[in-house]
Every structure is written in structure tokens, then in C-alpha cells.
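Novice: In our numbering, the protein residues as written are 52 to 353.
The beta-carbon is built from N, C-alpha and C at its ideal position, and this holds for glycine as well.
Keep in mind the model is a prediction, meaning the values are calculated, not measured.
I'd like to ask some things about the structure below.
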Amino acid sequence: MKAFCTDQFLLPLPPDHHFPVEKYSLLRQRVVGEGLVHSNDMVVPEPASEGQLALAHDSEYVARVLRGDLTSKELRRIGFPWSIQMVERSRRSVAATIGAGRAAIAEGTGINLSGGTHHAHREFGAGFCVFNDVAVAARVLQAEGLSRSIVVIDCDVHQGDGTAEIFADDPSVFTFSIHSASNYPFHKARSDLDIALPDGTADDEYMQALEHGARQALALSKPDLVVYIAGADPFGDDRLGRLALTKEGLALRDAFVLRLCREASLPIAIVMGGGYSRRVHDTVDIHFRTVQLAVQGSASTS
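Here you go:
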């Protein structure tokens, strides 16, 4: 199984910034250190091209990001200062999801150890998201003739508003988001299927909602590829969550999505999504378990 990583291109952030950039390096080190993915199968992708980014984003927005011409208001909306490193990392994170999609189609499963930047809209970035890696990857895979019908199963604690907006009028990409009702973004977009959960939702209630929603999404979309955003932020101790899932509950979530795809013989591309636990190692634990379950499931079907 191939995994794609971009932690070599970390953003220079002030020490009081609460985006946990270190989780990406810690996750890669643990995945390789525990032998889940051989170092030879850990791929550092080349940056996504301007043309690829423009398949899902307004070309002028893309050009202004690359040039560093975003306004201070736009940068506040994204949450990062502009830098060469921001551009490089954002482009490579998109490319990593493209690579995970290609690997999934070829081998059954592909993993991006970052990604899930689902708040980036066609014409602007937001919520720590510059470009929408899932949307660009979907467009690239379709343009390459590798996929015709894609379903996005978004289990980040925040609604995937950017993905929903980009594909609002496109029946070839079905967007399903299960998220906290009261959390960011406060003005929600309309996905093809939304399940908004009350604060404090715990494992059992979450799983009931997810199982119903995911099965409905597959039945309605009839996809040939699943893109799964496996956010760690539904965890009960996440600083930016509002749900109450345990690590065990999140592992059950991942196992269910993987089993659902395996039973339907659907390739799955997995991206990590958000994770802002008070202890960064809790976030890494959750992401690592996602990768571990994916590797185990892939091995059982090979």
C-alpha cells in the first residue's frame, strides 16, 4: 500500500497558533517506525500543477495564492499567513490526495497522511484550508478517466462546506457530511446528504447515524471510488470539536467505513482531516489507528 506524506513542508507558524502542524511528522514517524508502511512506499509527491488546481478552483484565485496577492482579510479567513512554504505545502497536500486516489484505484486503498482541506471553496480558502484537496483530486481522477462517480464520506467534526459548494451542481460527485451541528462553519452549505449531530453525541449515537447515512450515500451515488475524510476531531477531548467520541468509537467508525467499501468492492482513498486534541499524541493515536485499520483491511483482501 502506498501512503503519501507532506510533513517535510511544514508551515512557519507563531508559537501561539493552535494548528498542530507537528502531528503530521509524528504520524509519519510512527507509521514507518511500527512498520505499517515501508519507507519505500512512503511517497513525497510533486506539487499539484496550476492547471490541476484550476479544475476545482477559480483560476484567478489559484494565481493570486501562488503570487502571494491575497488580501489580509482573505488570509484571516484561511487562518495562515502567506509564505512560500504555505503555497508549497498546500500544493503538495493536494497532490498527495491525487496520489492516494490513483493508488486506491490501482490497489484498492490509498492514504494521504494529511489532506481533508474541505473548507476551501472554489474562489476562496477558509478554516486552515487553502485548496480543496478532495475536490481537486476528484476532478483530476475524472479527467484522467480513472473514475466517473465518486462519493465523499466526510467524517470530520466540521461540515465539508467547501466540497459541498464546489460539487453543488455536479451529480458525478456525491457529498456526504456527518458533523457537529453547532460547530464551524456557522453558515453551512448544502451537501447531497448532511447529518448534523448535537453537542455531546457519543459513540453509539454517532455510529447509528453514520451507518444509516453512509449506506444511503452509497445507494444514491452508485460510486466507483470512495474518498474518506477520517477526521480525528470528533474525539471528546478535541479543542475544536463538540462531540464526545472515544478513541475506541473512532476506530469503530473507521472499521465500519472500510468494511462497507470492502463489501461493495469499492476502492477507498483516505485522508486524515482535522484533529486538535489538547494532547497532540491523542490526535496522532487516532490517525495512526485509521492507517493501521486500512493496512490490515488491505492485507486481508490481497
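Identify which residue in Leu-276, Ser-123 and Ala-99 has its Cα closest to the Cα of Glu-158.
Specialist: Leu-276
Novice: Return yes when the Cβ of Tyr-75 is within less than 8 angstroms of the Cβ of Ser-165, no when it is not.
Specialist: yes
Novice: Tell me Val-203's beta-bridge partners as DSSP assigns them.
Specialist: Thr-226 and Val-278
Novice: Within a Cβ cutoff of 6 angstroms, which residues of the same chain sit near Gly-300, ignoring the five residues on either side of it in sequence?
Specialist: Closer than 6 angstroms at Cβ, skipping near neighbours: Asp-254.
Novice: Check whether the Cβ atoms of Asp-207 and His-238 lie closer than 8 angstroms to each other.
Specialist: no
Novice: What residue range is occupied by the uninterrupted beta strand (DSSP E) comprising Leu-244?
Specialist: Segment 244 to 248, the beta strand (DSSP E) holding Leu-244.
Novice: Is the beta carbon of His-169 less than 8 angstroms from the beta carbon of Ile-280?
Specialist: The Cβ-Cβ distance between His-169 and Ile-280 falls below 8 angstroms.
Novice: Can you tell me whether Arg-293 is buried or exposed, with buried defined as 16 or more other CB within 10 angstroms of its CB?
Specialist: buried
Novice: Pop quiz: Met-52 and Val-346 are said to be a contact at Cβ under 8 angstroms. What is the actual Cβ separation, rounded to whole angstroms?
Specialist: At roughly 6 angstroms, the Cβ-Cβ gap stays under 8 angstroms, so Met-52 and Val-346 are in contact.
Novice: Going straight from the alpha carbon of Arg-330 to that of Gly-196, what length do you get?
Specialist: 42 angstroms
Novice: Pull up the distance between the alpha-carbon of Leu-296 and that of Pro-285, whole angstroms please.
Specialist: 6 angstroms
Novice: In terms of residue numbering, what span does the beta strand (DSSP E) encompassing Thr-160 cover?
Specialist: 160 to 163
Novice: Give the straight-line distance between the Cα atoms of Arg-143 and Glu-101, rounded to the nearest whole angstrom.
Specialist: 12 angstroms
Novice: Could you tell me the alpha carbon to alpha carbon distance between Arg-199 and Pro-66, rounded to whole angstroms?
Specialist: 44 angstroms
Novice: Can you tell me the Cα-Cα spacing of Asp-205 and Ser-228, whole angstroms?
Specialist: 5 angstroms
Novice: Closest by CA to Pro-98, which one among Arg-340, Gly-178 and Cys-56?
Specialist: Cys-56
Novice: With H, G and I counted as helix, E and B as strand and the rest as coil, what does DSSP make of Ser-144?
Specialist: helix
Novice: Tell me whether Asn-234 is buried or exposed, calling it buried when 16 or more other Cβ atoms sit within 10 Å of its Cβ.
Specialist: So Asn-234 counts as buried.
Novice: Here's a check: name, in chain order, each residue in its chain whose Cβ is nearer than 6 angstroms to the Cβ of Arg-190, leaving out the five neighbours to either side.
Specialist: Leu-106 and Ala-107
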